[in-house]
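Asks:
2 protein chains.
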Amino acid sequence: MSDKSDKREHILSVAEELFAEKGFDGASVRDIAQRAGVNLAMISYYFGSKEKLLESLLEWRAGYAYGILDELNKDESLSQWDKVDRLVDFYVDRIINNMKFHAIMWQESSARSEEIKNRSIGIKLRNLEQITKIIADGQQKKLFRQVDIPMTVGTIMGTISYYTQSKTYSCVTLSLGEDINDEQYRQRLATRLKAHLKRLLRAHLDIKNDSGPMTEDNKGH
Amino acid sequence: MSDKSDKREHILSVAEELFAEKGFDGASVRDIAQRAGVNLAMISYYFGSKEKLLESLLEWRAGYAYGILDELNKDESLSQWDKVDRLVDFYVDRIINNMKFHAIMWQESSARSEEIKNRSIGIKLRNLEQITKIIADGQQKKLFRQVDIPMTVGTIMGTISYYTQSKTYSCVTLSLGEDINDEQYRQRLATRLKAHLKRLLRAHLDIKNDSGPMTEDNKGH
DNA sequence: AAAAATCAATTAAACGTTTGTTTAATTCAA
DNA sequence: TTGAATTAAACAAACGTTTAATTGATTTTT
């Protein structure tokens with residue numbers, strides 16, 4: 679914390695923590711200032727207002743995913759299945775390593791301020807766009823079924839989000855000790871999410887699993 | 679609104695609306711009292727405090743699902759696939775028709791109060807229990823694959839939640855008009871979610887889709 | 001049956017905190 | 001000496017909650 683922008687970023691990361699812990703309204707500017715070790719007035723000084731602080735936070739965190747997925751999309755050396763697997767790896771790691779930010783994104787997409795609402799929806803739409811490319815590619819190559827792509831994206835993001843909302847719930851249902859080390863928790867959750875999603879998507883997307891001729895077991899459904 | 683408990687329930691339903699719209703901290707007791715058309719002090723009088731109001735709300739809304747799923751589980755006339763389909767229908771309808779409540783449940787499972795946290799996690803765990811029974815049954819009957827059940831439950835709930843968090847995002851991605859009638863919106867979203875989830879779960883659960891002999895198309899993954 | 005007593009329901013007003021923001025003074029480096 | 005960075009203090013507004021007074025219906029007493 680030697681630079682001016684370092685201080686700004688430090689405030690942002692503290693705000694991220696507190697917004698995720700207590701929500702936007704639950705975390706006070708005084709909370710943030712105190713935990714960041716800066717004077718109360720510095721937040722208005724740097725960001726203008728509490729709401730603009732949240733806007734800055736979204737902007738600060740949002741930019742960093744686009745490039746990676748773009749490269750993945752263009753990579754000719756990977757099969758379509760590899761791309762799906764990497765996509766899963768990427769999003770699971772990304773969301774699990776930024777749980778707090780995604781908790782904010784999640785709850786603030788239904789926020790009161792139109793500005794913030796649009797910003798967080800915009801981020802979601804960019805994600806959708808990237809994943810759509812990968813799946814649509816696989817469909818064109820007749821490897822993937824004609825699945826509902828936006829819904830499939832919702833399944834990927836929703837599954838991950840569901841398990842990153844509450845550590846307590848995750849630990850109970852996944853039979854992890856409730857007082858597990860945070861690093862171990864993250865790693866085990868990531869492993870399990872990745873395995874599940876890859877298996878799920880393989881079954882869901884594989885054109886081989888398209889509703890073929892009826893057999894005794896799935897007849898009539 | 680002739681009875682005392684009618685008034686209590688009226689306050690609860692207004693609180694549900696406002697908590698879902700603005701979050702727990704964002705919705706003030708004065709907001710709730712005004713929209714409910716009662717005196718400010720009546721909320722402390724009926725519920726004790728704002729926090730206990732939320733507890734009452736969770737209790738009020740939580741109880742009503744258990745019986746239905748219990749019956750579904752015991753119904754011998756339905757095939758295992760039928761049960762999964764009905765399960766999807768049930769949860770999609772339930773969550774879509776109680777979007778506001780589920781928005782609260784979602785964001786308050788990471789709440790500050792331990793009491794509220796435990797209560798909303800308890801509700802989630804009861805859901806998990808019921809769905810587990812159905813899937814585990816199908817596994818025993820060798821109809822379903824040995825999928826990760828808690829993760830599969832997360833996929834079901836997460837997918838639905840993802841699309842009920844933001845009407846704006848849903849309307850954009852699902853190509854519905856952004857100023858669509860609320861009733862139509864709900865119905866179309868429900869239809870699409872049900873179709874997607876049933877197709878997804880069929881592929882995911884069907885033992886026929888278990889990783890069989892390798893073929894040219896999925897070799898090496 | 002009329003009057004009195006009782007108690008829950010309801011109200012307006014006020015309570016003390018905490019909120020986000022601003023001010024005006026001060027520090028500190030250029 | 002200039003101007004940005006930082007501070008403590010104060011601001012009005014909004015917050016959840018409590019109080020004390022009043023209403024209104026039900027029950028008890030006469």
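Residue numbers (this note's numbering), protein chains in the order written: chain A, 679 to 899; chain B, 679 to 899.
Virtual Cβ for every residue (Gly too), placed ideally from N, Cα, C.
All figures in this text were calculated on a predicted structure; none of them were measured in a lab.
Listing by chain order, which chain A residues have their CB less than 7 Å from the CB of Ala881 (chain B)?
Replies: Against the second sequence, residue 881 (chain B) aligns to sequence position 203. Within chain A, the residues near Ala881 (chain B) are Ala881, His882 and Asn887.
Asks: For the alpha helix (DSSP H) that Ala881 (chain B) lies in, which residues bound it at each end?
Replies: The residue you call residue 881 (chain B) lines up with position 203 of the second sequence. Run containing Ala881 (chain B): Asp860 to Leu883, per the alpha helix (DSSP H) assignment.
Asks: Along the chain, where does the alpha helix (DSSP H) containing Ala719 (chain A) start, and where does it finish?
Replies: In the first sequence, residue 719 (chain A) corresponds to position 41, counting from 1. Where Ala719 (chain A) is concerned, the enclosing alpha helix (DSSP H) stretches over Ala719 to Phe725.
Asks: Closer than 8 Å is the cut-off here; do at least three beta carbon pairs connect the region 845–857 of chain A with the region 872–879 of chain B?
Replies: Contact between the region 845–857 of chain A and the region 872–879 of chain B is absent, because fewer than three Cβ pairs lie under 8 Å.
Asks: Could you name the residues of chain A that Gly855 (chain B) contacts, counting a contact when the two beta carbons are closer than 9 Å?
Replies: Taking the first residue of the second sequence as position 1, residue 855 (chain B) is located at position 177. Simply none; closest approach about 16 Å.
Asks: Along chain B, in chain order, which residues have C-beta atoms closer than 8 Å to that of Ser839 (chain A)?
Replies: Reading the first sequence from its first residue, position 161 is the one you call residue 839 (chain A). Gly836, Ser839 and Tyr840, listed in chain order.
Asks: Are Val831 (chain A) and Thr810 (chain A) touching if we call contact CB-CB under 9 Å?
Replies: Taking the first sequence and counting its residues from 1, the one referred to as residue 831 (chain A) is at position 153. Taking the first sequence and counting its residues from 1, the one referred to as residue 810 (chain A) is at position 132. Yes.
Asks: Listed in chain order, which residues of the region 714–737 of chain B have Cβ atoms closer than 7 Å to some Cβ of chain A?
Replies: Against chain A - using a Cβ distance shorter than 7 Å - the region 714–737 of chain B contributes no residues.
Asks: Under 9 Å between C-beta atoms, does Phe779 (chain B) make it to chain A?
Replies: Residue numbering aside, residue 779 (chain B) sits at position 101 when the second sequence is read from its first letter. Not an interface residue.
Asks: Give me the chain A residues within the contact set of Val850 (chain B), using Cβ-Cβ distance strictly less than 8 Å, ordered along the chain.
Replies: Looking up residue 850 (chain B) in the second sequence gives position 172. Here the neighbours are Ile799 and Leu803.
Asks: Which word fits Leu718 (chain B), buried or exposed, when buried means at least 16 other C-beta atoms lie within 10 angstroms of its C-beta?
Replies: Within the second sequence, residue 718 (chain B) is the residue found at index 40, counting from 1. Exposed, since its Cβ has fewer than 16 Cβ neighbours within 10 Å.
Asks: So Asn751 (chain B) and Ile812 (chain B) are supposed to be a Cβ contact under 8 Å. How far apart are they, rounded?
Replies: In the second sequence, the residue the question calls residue 751 (chain B) occupies position 73. In the second sequence, the residue the question calls residue 812 (chain B) occupies position 134. With a Cβ gap of about 6 Å, Asn751 (chain B) and Ile812 (chain B) count as contacting.
Asks: Counting only beta-carbon separations shorter than 9 Å, does Lys795 (chain B) have a partner in chain A?
Replies: Translated into the one-based positions of the second sequence, residue 795 (chain B) becomes position 117. At least one chain A Cβ lies under 9 Å of Lys795 (chain B).
Asks: Let me check understanding here. Comparing Cα to Cα, which of B:Gln818, B:Tyr840, B:Phe822 and B:Arg880 lies closest to Ala868 (chain B)?
Replies: Here residue 868 (chain B) refers to the residue found at position 190 of the second sequence. That would be B:Tyr840, whose Cα lies nearest to the Cα of Ala868 (chain B).
Asks: For Glu694 (chain B), decide whether its Cβ has a neighbour in chain A, counting only Cβ atoms nearer than 9 Å.
Replies: For the purposes of this step, residue 694 (chain B) is taken as residue 16 along the second sequence, with counting starting at 1. So no, Glu694 (chain B) is outside the interface.
Asks: Tyr631 (chain A) CB to nearest chain B CB: under 9 Å?
Replies: Outside the shown range of chain A (679 to 899) lies residue 631 (chain A), about which nothing can therefore be said.
Asks: Could you tell me the distance, in whole angstroms, from the CA atom of Leu747 (chain B) to the CA atom of Phe768 (chain A)?
Replies: Reading the second sequence from its first residue, position 69 is the one you call residue 747 (chain B). Reading the first sequence from its first residue, position 90 is the one you call residue 768 (chain A). Leu747 (chain B) and Phe768 (chain A): Cα-Cα distance of roughly 36 Å.
Asks: For Gly898 (chain A), would you say it is in contact with chain B, using Cβ-to-Cβ distances shorter than 9 Å as the test?
Replies: For the purposes of this step, residue 898 (chain A) is taken as the residue at position 220 of the first sequence. For Gly898 (chain A), the pLDDT reaches just 38, beneath the cut-off of 50, and the residue's location in the model is therefore unreliable, although a value from the coordinates is still provided. Output row for Gly898 (chain A): interface = yes.
Asks: Please state whether DSSP places Phe702 (chain B) in a helix, a strand or coil.
Replies: Counting from 1 along the second sequence, the entry for residue 702 (chain B) is found at position 24. Coil, per DSSP.
Asks: For the 8 Å Cβ check, are there 3 or more pairs between the region 731–741 of chain B and the region 694–702 of chain B?
Replies: Verdict: yes, contact present.
Asks: Compare the C-beta of Ile689 (chain B) against all C-beta atoms of chain A and say whether one is closer than 9 Å.
Replies: Taking the second sequence and counting its residues from 1, the one referred to as residue 689 (chain B) is at position 11. So, not an interface residue.
Asks: Are there 16 or more other CB atoms within 10 angstroms of the CB of Lys820 (chain B), so buried, or fewer, so exposed?
Replies: Against the second sequence, residue 820 (chain B) aligns to sequence position 142. Its Cβ having fewer than 16 others within 10 Å, Lys820 (chain B) is exposed.
Asks: Buried or exposed: which applies to Glu792 (chain B), given that a residue is buried once 16 or more other Cβ atoms fall within 10 Å of its Cβ?
Replies: Along the second sequence, read from residue 1 onward, the residue named residue 792 (chain B) stands at position 114. The residue in question, Glu792 (chain B), is exposed, as its Cβ has fewer than 16 Cβ neighbours within 10 Å.
Asks: Who are the near neighbours of Asp888 (chain B) in its chain, counting only those whose CB is closer than 7 Å to its CB and skipping five residues on each side?
Replies: For the purposes of this step, residue 888 (chain B) is taken as the residue at position 210 of the second sequence. If we look at Asp888 (chain B) and ignore the five residues flanking it on each side, its Cβ neighbours are Arg823.
Asks: In terms of residues, what are the limits of the alpha helix (DSSP H) holding Asp709 (chain B)?
Replies: The residue given as residue 709 (chain B) occupies position 31 in the second sequence. Element bounds for Asp709 (chain B): Val707 to Ala714.
Asks: Check whether chain A comes within 9 Å of Thr830 (chain B), counting only Cβ atoms and requiring the distance to be less than that.
Replies: Numbered from 1 along the second sequence, position 152 holds the residue referred to as residue 830 (chain B). It does: the Cβ of Thr830 (chain B) has a partner Cβ on chain A nearer than 9 Å.
Asks: On the criterion of 16 or more Cβ atoms from any shown chain inside 10 Å, does Ala814 (chain B) qualify as buried, or is it exposed?
Replies: For this step, residue 814 (chain B) is matched to residue 136 along the second sequence. Counting Cβ neighbours within 10 Å, Ala814 (chain B) comes out exposed, since fewer than 16 surround it.
Asks: Of the residues B:Ile834, B:Leu871 and B:Ala711, which one's Cα is nearest the Cα of Leu629 (chain B)?
Replies: Nothing can be reported for residue 629 (chain B), as the shown portion of chain B is limited to 679 through 899.
Asks: Could you pull the DSSP bridge partners for Phe779 (chain A) from this structure?
Replies: Residue numbering aside, residue 779 (chain A) sits at position 101 when the first sequence is read from its first letter. Beta-bridge pairing links Phe779 (chain A) to no other residue.
Asks: Could you tell me if Arg708 (chain B) is buried or exposed, where buried requires 16 or more neighbouring beta carbons within 10 angstroms of its beta carbon?
Replies: Along the second sequence, read from residue 1 onward, the residue named residue 708 (chain B) stands at position 30. Arg708 (chain B) is exposed by the Cβ-count criterion.
Asks: Using DSSP bridges, identify the partner residues of Phe822 (chain A).
Replies: As a working note, residue 822 (chain A) is residue 144 in the first sequence. Per DSSP, A:Asp884.
Asks: Let me check you understand the geometry: is the CB of Met783 (chain A) closer than 8 Å to at least one non-hydrogen atom of the ligand FAD?
Replies: In terms of ligand content, the structure shown is empty, and the ligand FAD therefore cannot be addressed.
Asks: Taking Cβ positions, are Asp884 (chain A) and Ala881 (chain B) nearer each other than 9 Å?
Replies: Mapped onto the first sequence, residue 884 (chain A) falls at position 206. Mapped onto the second sequence, residue 881 (chain B) falls at position 203. Yes, Cβ-Cβ distance for Asp884 (chain A) and Ala881 (chain B) is below 9 Å.
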